[in-house]
Amino acid sequence: MSNAFSHAPSDTQRSSTFPADASPLQILGYSGTFDAFYYLEANPDLSGLGTAVLSHYHQHGWREGRKPNPFFDPHWYLSQNRDVIGDPLLHYVQRGEREGRRPIAWFDPAWYARTYQVPDGMLALAHYLLNRHSRSLRPIPEFDPEFYLRSYPDVAKAGLDALEHYMVQGFREARRPFDGFDPLYYRRKYLRHSPDSNPLLHYLENRTRPDVHPSSPDTEISVFAEIRRRSRPGPLFEKARPLPESAIRRARVLAYYLPQFHTIPENDAWWGDGFTEWTNLPRGIPRFSDHYQPRIPRDLGHYTLNSPEILERQAAMARAAGVEGFIFYFYWFNRKRLLDQPLEMLIANPQINLPFCLMWANENWSRRWDGSDEDLLIAQDYRTEDDEALVDCFARYLRDPRYIHFDGRPILMVYRPGTIPDAPSAFVRWRALFRSRHGLDPLFVMGQAFGDENPDLFGLDGAIEFPPHKVVSNCSLINDDIRLFDNEFSGQVYDYGEVVESALAQAPPPFPLIRTAAPSWDNDARRPGKGLVLHGSTPELYERWLGGLIDQAQAHPFFGDPVVCINAWNEWAEGAYLEPDQHFGSAYLNATARACTGIGRRHSRSRLLLIGHDAFPAGAQRLLLETGRTLKKCFGADIQFVLLGDGALLHDYRSVAPTEILAAGARTTAARLSHLREQGFRSAIINSAASSDIAPDLNEASIGFVLLIHELPTLLRSRNLVLPMHRACALARNVIVPAAHVARKLDLKNSENLTILPQGLYTRPQFSARTRREIRRYLALTSSDRLILGAGYADLRKGFDLFLQLWRRLRGEVHFVWLGDIEGALRDSLHVELEHALASGTFHMPGRVGNVTDWLAGADAFVLPSREDPYPSVVLEALASGLPCVAFDDAGGIPDLLKQRRYTMEGHCRVVPFADIPAMAKAAGELAGWSLRRTIRERQRIARAAEDSFSFRAYVHEILKLALPAVPKISVVVPSHNYARYMSSRLSSIFAQTVPVFEIIVLDDASDDGSLDVAHRTAQDWDRDIVCIANDAASGSVFRQWHKALQVSRGDLVWIAEADDFCEPDFLENLLEGIRGNPAVVMAFTDSRAVDGSGAPISSSYRPYYSESAGTLLDTDSHFTGESFLRGCLSERNLVLNVSSALFRREQLLAAVDSCETELQNLRVAGDWRVYAELLMQRGAEVVYIAKPLNVHRRHAESATHTLNRRSHIEEVAYMHRLLASRLALPQSHISRQQRYCRTLQQQFGLLPPPGEERLSAVYEN
């Protein structure tokens, strides 16, 4: 009969089988489901039955409701299965389990049989009864014993059965049966009329109902739920990611700054003593569903602007996010200043690195907080007799060296020029006073607000936006679409996303304008229930707005500079701030940094998710953390961590990259992963089988992944990971295991997507004789005492009990040390032996230590007594410390490693038969003795050799190649000679690339200006690895440096990024799009814009120059054969004007340079042209061109081209003309074009003689 607990028959159809003539008592007795001890203990009135106890149950007990074991309830079974007649346990044994019927509400035999390896012929219930004290076995998927005992250590310490405790007592104490179940919510929601009921049982009976949830669902909202949600870190929370100082800013970014965070007498009188902006903040509450209130500050707290320290912290925070300076609101009312303390502190402390300018907030103050003339507190009267005092006051600040200028002029902003009587005349007067009294000529800029937008009407120099003014004018209210909590709410609500799109779609005006983005806007705290809300802001949408405005600012500079503004830095009561808050953390600051530099902008397709099961401080978790660190530091990969659980390492993860916690299988997880894919995270690395539950979610979101497996079968079975792992393997692009042994044990050796990749070593143990002496002194060892080390979490899998046996075998001869905590149950079972061992003075257990490498230095040998251990990194550390190692054969991947010739040839590693304690003791003792006798130098030699073979960088790069197969191996080489002043920006533009690169090599040609020091400092600033190679003497030829670059680099592709140039962050990504999938492309290059030596723009594109000889060939993205490009773009002149703009196939470019090496010795101007020609004459060569000016070419006034002998210049051009005419068999018409170009150069250089053609002919005849 169908009921809430019925299941389809088990897939395995398992049941116990008995002879046909077996009696009921025999069937029950051999089924493993009758527990005589339990039966008598639960029924003391039957204590005299003796061996007749089973017979009693079969004849009478079940009728009386007596239970044969803790997990079979006769009355419940009969109530759920009305078709059963007679002894219900007998029915269950013979038929019930096979039919999927439950013996009790909290045991699911069908699920249990599918999940665990129950031996054939054994009942699932019998298997559980036999093994139920193992924490890893669940009777139902909805109860998690491991979680329960971890959450309630009092239960674990008492040695109680987790499920029994919960069913008897735990549910009454509102304990949680599994992560994600909230008993308080559940009782309040579903058991209000029966509060003593077991909430888990109720949930099991009703869990299929759509209105029943184990905890408050996201859709169940209230004011209080919203406040709770917004008062804690949300899914988009980020820790601060400061920009390197050398990061290239795409624009000057300013932010409005509110000084109303200190008390003044006027505010005390108007609003009450102690009033600041913080006083308003608590009035903001959620008025509708998903309304982001309250706003709670985080890093800076509820600060008071009464000391320079706060200004210094704000200035540093702003710089680290790419904000150049603040626009201070300036309050002047008829010679009366208000809220001037922060500005005065800034002026009085010139050491504060904070550029600033002023915006005169020239509106009345009223009780309505809207600048209106009603309920006035203080008014602006604009008296002409105050003009000189006003200008003098401004000038005091404008003369500060930190004051912000454009085109050499200080900028002075006025919020509301429309309120100034006869404003054009007033500004004429003020300009004259500034010039006559102070010699200043400020740029006057107006705020676009209250309908005033055109500065020409007021005689002003420009305007600045002040959203939400103006930007909401074309947007629709969404008040009808929100779910109100406050029925008296009368505010205006706009969709933030629509505002962003509307703002970005606005055409540039005919006057200078500074565009402004707002991270958010919600002034509910100032005008409760009546404010204006830009609803739905996220860091991503804000980044899109700000980044789009920066793109526009680059196309439409403001008095020579691209500049944008942000409203605001700290308008907390208007919901417009960048300072960190509790819910988003520093996410908006990080978004500002991305937008203003292009670093990590979310359009890249090469972003990578790193997925781990939690942040517990253990091996796999640390490996993932170090993998992420290496991906960023060595290769510049843009990563994000996704964890399935919390842990002590969470802070460490967040210090490396953005980190969030998602629950595998949750609805919200699927949506979040889909969103991450839209942001460019199209690939992932799952760090271990313990995280494989998330594989279906990744697959559903179309995020491809590679799966690393570090576990072996016993551990997988104990943690119910076998099925999730196999499911993940089937979905993975690639499965990575550390050793062939692991693949065999997991039955993966024939998998097509399998990669065997031995793990690298992320620590760098350095053997130190001094450290060795200190450790041995700490243990009171003599110089002749041997010390054997073991390490790990001491449990049966790690073989700690076998380690203890090793000590016993060598007792008195050798000291033993075990590093790591010990499992509680094992400690209890071994406590007598442990006490004896520790009391002997030769067995030491310092516990978990942070300085493992120090202990390795002190040891003489390392043993791995594990019964099952895939590839423990501590063995690699031991080998890299020069220690001999011993391991059991067939216990994981390490024995295969130790059998390799480099470890066996010197006899310093042994593999002994599995679990052979005498053999391991003998080998360890001998090796420890050998180790003790050798010299320090010999040990250091062995250590260095081992360390070199465990390169973690190489290991991580192999994973990166598998995770991002579309990203090739790119070498970046930076040739430099005395370019220290440009080195920082060059490297910064390389570090900012949106795709990972394999290596960055600075090739210094004997610079004497400190170029290499700058390179090292910049790399340190960015926390990136570079390789510096310096010539002792200058090579004298840039092409010799090219040749060297191609020889020392190891990538498949090479980018010769000259030290004085720089580029956009998506330079490489665009080139790779053109190259990808076409091995015939030997060269790809982009258009360039040109700047002078100081960075001032010369041209926005080289396309006008291209068109002089190539017509429209390079107007758009193009793909050419080598020959067609030579004919169309290189036969008359070299249109690849800067090698920095190009990416090459390294081997093909090296072959080209080798081929024309002799010629290059005599070519100073046309050498690059010659190399390109040789490269593109190779059989089947192709070229890709990207029309975006993504490269920035620095043109120096005193460049080689300008200072060379002009005759030599023309002769080299003519040489290339002759070469190309001959090799390409150019027609006469083309040759005539070449000659016309040479003639143009002669005219340009003043070398054309009166006879005209003679000198040109002579050039072509040479």
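Counted the way numbering that gives the first Met the number 0 counts, the sequence shown spans residues 0 to 1261.
We put the CB at the ideal spot given by N, CA and C, even for glycine.
Where DSSP assigns a beta bridge to residue i, which residues make up the other side?
i        : result
Asn-1069 : Answer is none; Asn-1069 lacks a bridge partner.
Gln-639  : Leu-608
Glu-570  : Ala-575
On a CA-only basis, which of the options is nearest residue i? Give me that one, please.
i        : options                               : result
Arg-223  : Pro-1226, Trp-105, His-290            : Checking the sequence shown, residue 223 turns out to be Phe, not Arg. The residue with the shortest Cα to Cα distance from Phe-223 is His-290.
Asp-889  : Leu-882, Leu-672, Pro-883, Pro-869    : Pro-869
Asp-521  : Gly-490, Gly-547, Thr-515, Ala-594    : Gly-490
Leu-661  : Gln-581, Val-655, Ser-673             : Ser-673
Pro-232  : Gly-584, Asp-374, Leu-432, Leu-128    : Gly-584
His-212  : Thr-1017, Gln-992, Leu-183            : Leu-183
Ala-1288 : Thr-1120, Asp-1086, Leu-1129          : Outside the displayed range of the chain (0 to 1261) lies residue 1288, so it cannot be described from this structure.
Asp-947  : Arg-1144, Thr-762, Asn-698            : Thr-762
Ile-989  : Asn-977, Gly-1050, Ala-1058           : Ala-1058
Ala-962  : Val-705, Gly-530, Asp-1116, Ser-950   : Val-705
Leu-1031 : Ser-1048, Arg-1016, Ser-1006          : Leu is not the amino acid found at residue 1031; the sequence shown has Asp there. It is Ser-1006.
Ala-920  : Ser-782, Leu-801, Asn-749             : Leu-801
Ala-1056 : Ala-1109, Ser-1108, Ser-987, Gly-99   : Ser-987
Val-641  : Lys-632, Gly-627, Cys-633             : Gly-627
Arg-593  : Thr-262, Thr-1157, Val-322, Ala-1079  : Val-322
Tyr-1214 : Val-444, Gln-1177, Ala-1196, Trp-1168 : Trp-1168
Thr-275  : Trp-1054, Tyr-256, Lys-156, Asn-266   : Asn-266
Val-532  : Ser-501, Val-498, Val-492             : Val-492
Rounding to the nearest angstrom, what Cα-Cα distance links residue i and residue j in this structure?
i        : j        : result
Arg-772  : Asp-820  : 25 Å
His-164  : Leu-795  : 26 Å
Gln-1242 : Lys-1043 : 37 Å
Gly-679  : Leu-540  : 15 Å
Asp-44   : Arg-65   : 12 Å
Gly-846  : Leu-753  : 37 Å
Ser-22   : Asp-107  : 27 Å
Ser-872  : Pro-757  : 10 Å
Asp-380  : Ala-388  : 14 Å
Arg-191  : Trp-270  : 45 Å
Glu-998  : Ala-991  : 14 Å
Arg-1194 : His-709  : 54 Å
Phe-332  : Tyr-402  : 23 Å
Ser-288  : Gly-528  : 14 Å
Leu-1129 : Thr-1115 : 17 Å
Thr-1120 : Glu-1173 : 14 Å
Thr-1272 : Glu-542  : Lying before the first or after the last residue shown, residue 1272 is absent from the chain, which here runs from 0 to 1261.
Gly-273  : Lys-238  : 32 Å
Lys-826  : Arg-97   : For the record, residue 826 in the displayed sequence is Arg; it is not Lys. For Arg-826 and Arg-97, the distance between alpha carbons rounds to 40 Å.
Cys-884  : Ile-787  : 10 Å
Val-911  : Ala-918  : 6 Å
Just confirm the distance between the C-beta atoms of residue i and residue j, as a whole number of angstroms; I'd bet it's less than 8 Å.
i        : j        : result
Gly-857  : Arg-940  : Not really, about 19 Å apart at Cβ, beyond 8 Å.
Leu-630  : Val-955  : 6 Å
Leu-1159 : Ile-1209 : The pair is not a contact, with the Cβ atoms about 19 Å apart (cut-off 8 Å).
Lys-968  : Asp-1051 : 5 Å
Asp-460  : Leu-442  : 4 Å
Ile-610  : Ser-690  : 5 Å
Pro-995  : Ser-750  : Going by Cβ atoms, the distance from Pro-995 to Ser-750 rounds to 27 Å, so no, they are not a contact pair.
Using beta carbons (cut-off 8 Å, strictly below), is residue i in contact with chain D?
i       : result
Pro-441 : Absent from the structure is chain D; it holds one protein chain and no more.
Check: Does the stretch 726 to 742 come close enough to the stretch 131 to 141 that 3 or more CB-CB pairs lie under 8 Å?
Finding: They do not touch, by the three-pair rule.
Check: Is it a yes or a no for the stretch 301 to 318 touching the stretch 340 to 349, going by three-plus beta-carbon pairs under 8 Å?
Finding: Touching, yes, given that three or more Cβ pairs across the two stretches are closer than 8 Å.
Notebook entry, point to check: Is the stretch 105 to 123 close to the stretch 80 to 88, with three or more CB pairs under 8 Å?
Noted result: The stretch 105 to 123 vs the stretch 80 to 88: no contact.
Check: Taking one C-beta from the stretch 665 to 672 and one from the stretch 647 to 657 each time, how about it: are there three or more such pairs within less than 8 Å?
Finding: As far as the Cβ criterion goes, the stretch 665 to 672 does not touch the stretch 647 to 657, which means the pair count is below three.
Next item on the list: Decide yes or no for the touch test of the stretch 291 to 301 against the stretch 545 to 563: beta carbon pairs closer than 8 Å, at least 3 of them.
Entry: No, the stretch 291 to 301 does not touch the stretch 545 to 563.
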